[in-house]
Amino acid sequence: MLNVLTKKCDTQANWADKTAQYLVYVSVVLVPLIFMPNINSVFSFPKLYVFRIITLLIIFFWGFRGLLYGNIKIKWHPFLWFLIAYACISLINTVFTINFFTSFFGDYGYFMGLLTVLNLLFWAYIVMCEISTPEKIKTLLNLSVAAAFLVAVYGIFQHQNWIVNVFSWSQNPADRVFSTIGHSNHTAAYLAMNVMILLGMVRNARFGWKKILLWLVMMTIIATILLTASRGGIFALFVGFVCWIVYGFSKKHFIKEIAKYLKIILAVVGILFLGAIVFREQIMNSEIVKRTSETIDFVSKGNIPDRVSWWYSSLEMIKDNPVLGHGLSTFRDAYNKYRRTDYKLPDDLQDGITPEAAHMEYLNIMATQGLLGFAIYAAMIAAVFVYAGKFMQNEKDACKRVVLFSLVAACVVFLTQVLFSFTVIATGFLFFTFIGLIFSGNVLPSFKLTGALRVTGALAAILMLGCGLFYSVTTLAAEFHYKQAQVLALKRDYIAAVESYKKAVHMVPYNYEYMQEYADFIFNLGIMMPESAQGDYLYDAINLYDKALLINSNFPSAHANKALAASRLADLNKGSPREFENYKNIALEEMETAVQTGKNNPLYLYKYGKMLLFFDDKAAAAEQFEKVLKLRNPYKDTNELLTQIL
9 MLNVLTKKCD TQANWADKTA QYLVYVSVVL VPLIFMPNIN SVFSFPKLYV FRIITLLIIF
69 FWGFRGLLYG NIKIKWHPFL WFLIAYACIS LINTVFTINF FTSFFGDYGY FMGLLTVLNL
129 LFWAYIVMCE ISTPEKIKTL LNLSVAAAFL VAVYGIFQHQ NWIVNVFSWS QNPADRVFST
189 IGHSNHTAAY LAMNVMILLG MVRNARFGWK KILLWLVMMT IIATILLTAS RGGIFALFVG
249 FVCWIVYGFS KKHFIKEIAK YLKIILAVVG ILFLGAIVFR EQIMNSEIVK RTSETIDFVS
309 KGNIPDRVSW WYSSLEMIKD NPVLGHGLST FRDAYNKYRR TDYKLPDDLQ DGITPEAAHM
369 EYLNIMATQG LLGFAIYAAM IAAVFVYAGK FMQNEKDACK RVVLFSLVAA CVVFLTQVLF
429 SFTVIATGFL FFTFIGLIFS GNVLPSFKLT GALRVTGALA AILMLGCGLF YSVTTLAAEF
489 HYKQAQVLAL KRDYIAAVES YKKAVHMVPY NYEYMQEYAD FIFNLGIMMP ESAQGDYLYD
549 AINLYDKALL INSNFPSAHA NKALAASRLA DLNKGSPREF ENYKNIALEE METAVQTGKN
609 NPLYLYKYGK MLLFFDDKAA AAEQFEKVLK LRNPYKDTNE LLTQIL
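Just so we're aligned, residue 9 is where the sequence shown starts under my numbering, counting upward by one.
Spelled out as structure tokens, the structure:
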């Protein structure tokens, strides 16, 4: 009887193991492919929550195995110290931050707060534990490449306008939305990482239909990378190829193998050369050439590209908080105080744009996590390369060496691309998956937890699953209502839109984005109403702006819009001197705060000047308009207004 029970437990434990393993397989397909057009954050949000739920389910099955069988997967490798160290510094950056909500949950749309960072770090450990044999590694990489191929094909269809108007986002890579990843730069990075894996597969495959198929898949993915018009992604792909060439020439038989394909290589180069001549006009009109020409023209006129200005701003952020930074994921929060006058885009578009990150991952880490955080991050990456180098020196199996180098080259692609960009869910998820695979063959066997420790661990895993699923479902529902509110507002169904906004902010009351947009909606709705009905709406809008500012006071737009609502209330209360003065003072104080928060931004100086003019303080208004022109001349109708005053 005891043997039967033991066998049953073994079977159930193996089932739990298999389920966790297959969830890892599912993740590399589902995370890059999923997006949801019926929510506001079409791409990042669904990927984040699929990733998070899969992680929680794996933790649950680990706990289930521990409760049932007494064997929780506690494995070890010295590299885990680096993951733990980076987790600790991220936690410290979240405690000592300029905004806790941003650091903990992540900036809206970017979502790289503490919860996500810990998820990514723990994911590397999950992969190390679950994908621990060459066969499992091969399966995972095959699935990753298959998903990349589907992303590439979808991108080609999108670019060729074969799926026009299917979804409510642009088909043009110049407008930055591409394929299922959501941004041309990140799509290119994700695909280029998988190209490195494909190179290893081609290298290990025998000549035949499989090798031909792998080449076709690779050419399809590379074609899509070119269509993204992502210069950073294409450069990262080039760096990855250079790594492969350097690696190849370090091997004895590489030159002989190249010689076998010399005729094919020369033929391909010849075809490409002739193609460049025949299709010269089409190439010159391609997105990447046009974008590069526009950038060169922009710089030749004495301008600085936007991301270069952001890099300079990040250096100033680092000077102010060199050790711990401003707080995890807070670049956007901190940026307004470090905005530079050389940040220029045509038609004053930059005035309403606050970058979510420095567009260079390393400067972004230094600005938000300080030099200490960057040092730990750099040490973690260095440990990956040191371990990989030692493995390749000692491993006698050539195929295993090629697989490992493919993973390293994919990491190199990621680390190169983020020289001009930043980590997002799709690329960060794949990066930490590959880090986990690099170490997966050398973790120590799991050991058993018994007694109270086993039960405690299992119950903690179950509790984590319950809380995590509740949080995920709630936030996903809030995002759905937020999107519905925007759609209903466009349809002018204002009553239903208000109800949807209320549901969104009720479910996630700490989300600054939801709260401010709800306030903006009520404010705009109020000024559309007859004068007799405006007061209640404007009063509600001010209360909502106050709630938004309690969540996050680092953005000048909320201060400025609250000021506009108060100035309108002051105008409505001209017959009551006390009320008029009260709202006037609120309006001027909030607009002055907006100016102080939005450094080097002429938009808020301009609004402040117009408000002073509205309250008939011409001298003060002229002073603000002169400040506007010092920042940017001409700017809107500032010169005309100044002429009228003087």
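Each residue gets a CB set at the ideal place from its N, CA and C atoms; glycine is no exception.
Among the candidates the options, whose CA atom is the shortest distance from the CA of residue i?
i    : options                   : result
I503 : I550, L533, T482 and Y520 : L533
A406 : F488, Y255, F43 and Y395  : Y255
V247 : A197, S301 and Q168       : A197
F413 : M388, R347, N590 and R211 : R211
N150 : S317, Y116, G465 and V411 : V411
V50  : N560, T195, F488 and P642 : F488
I67  : A28, M136 and P54         : A28
R409 : I550, G381, N551 and L207 : L207
E295 : G310, L235, A418 and L199 : L235
Y57  : Q652, Y479 and R586       : Y479
A231 : G240, I253, V203 and W252 : V203
Q358 : L91, N608 and L620        : N608
I100 : K83, L91 and L122         : L122
I653 : K638, Y643 and L621       : L621
V420 : F442, N560 and M136       : F442
Classify residue i as helix, strand or coil using the three-state DSSP reduction.
i    : result
I97  : helix
A197 : helix
N202 : helix
D405 : coil
L649 : helix
L427 : coil
I559 : helix
L336 : coil
T27  : helix
Y479 : helix
M400 : helix
T105 : coil
H85  : coil
K499 : coil
F119 : coil
Y643 : coil
H489 : helix
I42  : coil
M368 : coil
T300 : helix
So if DSSP puts residue i in a beta bridge, which residue, or which two residues, is it bridged to?
i    : result
Y351 : I312
For residue i, which residues in the same chain have their Cβ closer than 7 Å to its Cβ, ignoring the five residues on either side in sequence?
i    : result
F633 : G617, T646, L649 and L650
F87  : A391, Y395 and F447
D350 : I312 and S317
L552 : M523, Y526, A527 and I530
I97  : Q377, L380, G381 and I384
T601 : H567
R640 : P610
Quick one: give me the first and last residue of the alpha helix (DSSP H) that residue i is part of.
i    : result
M536 : Y520 to M536
T228 : W217 to L235
T188 : No alpha helix (DSSP H) holds T188; DSSP gives it neither H nor E.
G360 : Run containing G360: none; DSSP gives neither H nor E here.
A574 : P564 to L580
G444 : I433 to F447
Q168 : Counting along the chain, Q168 falls outside any alpha helix (DSSP H), and DSSP gives it neither H nor E.
T601 : P585 to T605
K510 : Y502 to M515
L654 : From DSSP, L654 is part of no alpha helix (DSSP H); its letter is neither H nor E.
A213 : Note, A213: premise wrong, no alpha helix (DSSP H); not H, not E.
P610 : P610 to F622
Can you find the residues in the same chain that come closer than 6 Å, C-beta to C-beta, to residue i, ignoring five residues on each side of it along the sequence?
i    : result
L557 : A566
A24  : F69, F72 and R73
K615 : A568
A190 : In the sequence as displayed, the identity of residue 190 is Gly instead of Ala. Within the same chain, G190 has close Cβ partners F51.
L10  : With a pLDDT of only 33 at L10, under 50, the local geometry of the prediction cannot be trusted, and the value read off the model is given with reservation. Cβ neighbours of L10 beyond the five flanking positions: none.
A493 : A505, S508 and Y509
T157 : The question names Thr, yet the displayed sequence has Phe at residue 157. Result list for F157: V225, in chain order.
Report all residues from its chain with a CB closer than 8 Å to the CB of residue i; omit the five preceding and five following residues, and keep chain order.
i    : result
S176 : Per-residue confidence for S176 stands at a pLDDT of 49, beneath the threshold of 50, marking its modelled position as unreliable; the derived number appears in the next sentence. Within the same chain, S176 has close Cβ partners P45.
L222 : L206, M209, V210 and A213
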